[in-house]
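Following UniProt numbering, the numbering of the sequence shown begins with 1 at its first residue and continues without gaps. Quick reminder that beta carbons are idealized off the backbone N, C-alpha and C, glycines included. Just so you know, these numbers come straight off a predicted model, no measurement behind them. To start, the structure itself, in structure tokens.
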Amino acid sequence: MSSTISASSELGVVATVRRGLQLSPAMLQGIGWTLALAVVATAGRVVVPVVIQQVTDNAIMADDGPDVPVVVRVALLALAFILLAGLASSAVNIRLFRASERGLAQLRTRTFRHVHDLSVLTQNAERRGSLVSRVTSDVDTVSRFVQFGGLQLILNIGQLLMATVAMLVYSPLLALVVWLCFTPMFVLAPRAQRIISRAYGAVRVKVGVMLGAISESIVGAETIRAYGASERTQRRIDDAVQDHRADAIKAQTFTALAFSTGMAFSALALGATVVTGTFLALNGHLTLGQLLAFLFLVQMFTGPVQNATEMLNELQNAVAGWRRVIAVLETPLEITDPAAPTPGGTPTPADSRISPAGRDADGGRAASVEFRDIRFAYPGGPEVLHGISLTIPPGTSVAMVGETGSGKTTLGKLLTRLMDPTDGQVLLDGTDLRELPLATLRSRVVLVPQEGFLFDSTIAENIAYGRTPHPRAEVEAAVSELGLTDWLATLTDGLDTHVGQRGESLSAGERQLVAIARAYLADADLLVLDEATSAVDPATEGRISRALSRLQAGRTSVAIAHRLSTAEAADLVVVVDAGHVVEVGHHRELVARGGVYARMHASWVRQTR
Ligand SMILES: Nc1ncnc2c1ncn2[C@@H]1O[C@H](COP(=O)(O)OP(=O)(O)OP(=O)(O)O)[C@@H](O)[C@H]1O
């Protein structure tokens, strides 16, 4: 059922790079010109050996003695070429840098949107830090390669080709000797590449684990301190850091080995050239200038081959990062818009909606809800809802009660389509939630969670969060209609009070008030209230329950009730027990029946009154 994000995509190196480029088309914008400039840049590098050969053979070793004017002319010409090549090289650099920044911004945005759209179950199955690392540090490895390794790669391939062509022109036999010296390396390279690739893949996974451990310890800092678990947490982070270090060293060791092997092959090629070239020169098959030029060309050839190991390092790191990003993008979205929305399912434009103040007093827009034979199992877990059927008429306030773990929250999540049932249907005004466009669903059904997440901004902006641009007058109206004006008057800046990160500058009860006002302004047809369990002072409690009853007026509401006082006030009480609905009725009716609810209620009364 729910998909999980794989650690890394299974694509090969070439397919990964191809897919990565497809995902960031801006990276290839203007690549034609960049390659043309790269050709100029590399051509400039071949000029030096050619100049050495020309000057040696035609000026220094000229039959009638050294010809200085020719030397100067050729040197000036070479200088012009080298300058041009230098300019072309920096232009390539700047162009690659700009294109890659554009492309990577595209990749980051795309990946973040996808992460955001993944189902809650998929997101929960992945460590938050690991998700963040995929959008940040994994994309950064790609960026490092594209900006620096990519430039080197293009210039080095060009240099390798040009050096080969020049060598073939001077002496096909010597060119063959150089290529033969490198053949074993070319054969071994793909195998080495696979080993290094795996090693860097492991490093990227460890980066995710490390970030996950660090971010969890920051988010849970209070609990860690409260339970004196700092040392244990530190050990966990240390282990993650050490694990990462071990894998990074392994990957670097492979790279260093590959680099030394490259050096060894380069030395072999140079030695073979000196020996064979001298022999050919002595036999009159090569001029002194050609031999000198050849030695430079061998350096030009070995340079890229040695660099290749370094580039391989960066490429593998980038491919590992790319694979992890691609794995995110390949994770299917489960909660998506229907292919063919139902006629009644067109989104309601925000401006045509009735304002909270103008809500129909008869509850005209309140929605009816039906659970039709709902079954649900969390991924890899047992079934937790076993065929639930329930009809809620429009405008009804429902309190869902039951033991902890009975399935109330799960029903709430299905009702807001944070996840879909394994079997059965949830219907809103007779339409399966899966057939409603998500925009319609989100505007018609609003979840008020136990701890409404507050953003680091003002109270006004947090209240208006569900509707943009935020209408100040409506925020003020909502606050006064919910009876919260006196509470706001106690705050220094009223509606403009900053709530701090996650609303930490407010008390738990005050955060609930903001969440209620936010839901009020969102003006939904169905409210799903996950009742807070935390106790608040009696004054705030009174404010919360007044605001809640005003919020619920004229709407259908389903409260996941933790206090039986909510059940007493509800139109309908639904008792959930071990994944079954066992009783439905009004509080008085159920108490009179003497069943599960009556026992729960009696025990609650004994404890609280
Ligand atoms: N994300 C999850 N993954 C796996 N199992 C889960 C998950 N969330 C809940 N469950 C299981 O599903 C069952 C129903 O849980 P649910 O949270 O719906 O109960 P609840 O009635 O809301 O409990 P409470 O009153 O404590 O909030 C429980 O057995 C629980 O362990």
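Using the Cα positions of V573 and V591, report the straight-line distance between them to the nearest angstrom. Just so you know, the alpha carbons of V573 and V591 end up roughly 11 Å apart.
My output table needs one value for H498: the three-state DSSP class, helix, strand or coil. strand
Applying the 10 Å Cβ sphere with the 16-neighbour rule, what's the burial state of I326? buried
Alpha-carbon spacing of F186 relative to L257, whole angstroms: For F186 and L257, the gap between their C-alpha atoms comes out near 15 Å.
Can you tell me whether V146 is helix, strand or coil according to DSSP? Looking at V146 - three-state DSSP - the assignment turns out to be helix.
Is G424 near ligand 1, judged by its Cβ being under 7 Å from some heavy atom? no
Helix, strand or coil for M419, going by three-state DSSP, please let me know. coil
If you draw a straight line from the alpha carbon of S137 to that of N462, how long is it in whole angstroms? 30 Å
Which residues have their C-beta within less than 5 Å of a heavy atom of ligand 1, listed in chain order? Residues flagged by the Cβ proximity filter: Y378, G381, V384, T404, G405, S406, G407, K408, T409 and T410.
Identify whether L107 lies in helix, strand or coil by the three-state DSSP scheme. When DSSP states are grouped into helix, strand and coil, L107 belongs to the helix group.
Going by beta-carbon coordinates alone, are A293 and Y170 separated by less than 8 Å? yes
Under the assumption that Q512 contacts I544 (Cβ atoms under 8 Å), give the Cβ distance between them as a whole number of angstroms. 6 Å
So for D373, helix, strand or coil by DSSP? strand
According to DSSP, is P347 part of a helix, a strand, or is it coil? Residue placement at P347 is poorly supported in this model, since its pLDDT is 42, which falls under 50; the coordinates still yield a value, given next. If DSSP states are grouped into helix, strand and coil, P347 belongs with coil.
Own chain, CB closer than 8 Å to Q306, minus 5 neighbours either side, in chain order: F259, G262, M263 and S266
Beta carbon of A88 nearer than 8 Å to that of V146: no
Are L427 and R372 close, meaning C-beta to C-beta below 8 Å? yes
Are the C-beta atoms of R232 and some chain D residue less than 8 Å apart? You won't find chain D in this structure, because it holds only one protein chain.
Take T416 and list the residues in its own chain whose beta-carbon comes closer than 7 Å to its own, dropping the five residues that flank it on each side. V445, L447 and V528
Which of the three DSSP states, helix, strand or coil, is assigned to V536? coil
Per DSSP, which residues does D577 bridge with? Please list them. H580
Of all the options L488, R232 and L160, which has the alpha carbon lying nearest to the alpha carbon of A38? L160
Could you say which of T422, V401 and V51 lies nearest to P379 if we only look at CA atoms? T422
Since E383 is in the beta strand (DSSP E), which residue starts that stretch and which ends it? E383 to I392
Name the residue from L77, A547, A85 and F97 whose alpha carbon lies nearest to the alpha carbon of G30. F97
In whole angstroms, what separates the C-alpha of L121 from that of W487? 37 Å
Identify the continuous beta strand (DSSP E) that holds I560 and give its terminal residues. T556 to I560
So which of D496, D432 and P471 has the shortest CA-CA distance to S457? D496
Determine contact between the region 188-205 and the region 223-235, defined as no fewer than three beta-carbon pairs at a distance below 8 Å. no
The alpha helix (DSSP H) enclosing A569, as first and last residue numbers: L564 to A569
What would DSSP say about T490, mapped onto helix, strand or coil? coil
If I'm right that N313 touches I196 with Cβ under 8 Å, what's the distance once you round it to whole angstroms? 7 Å
Beta-carbon proximity list for E334, same chain, < 6 Å, skipping 5 on both sides: The residues are S119.
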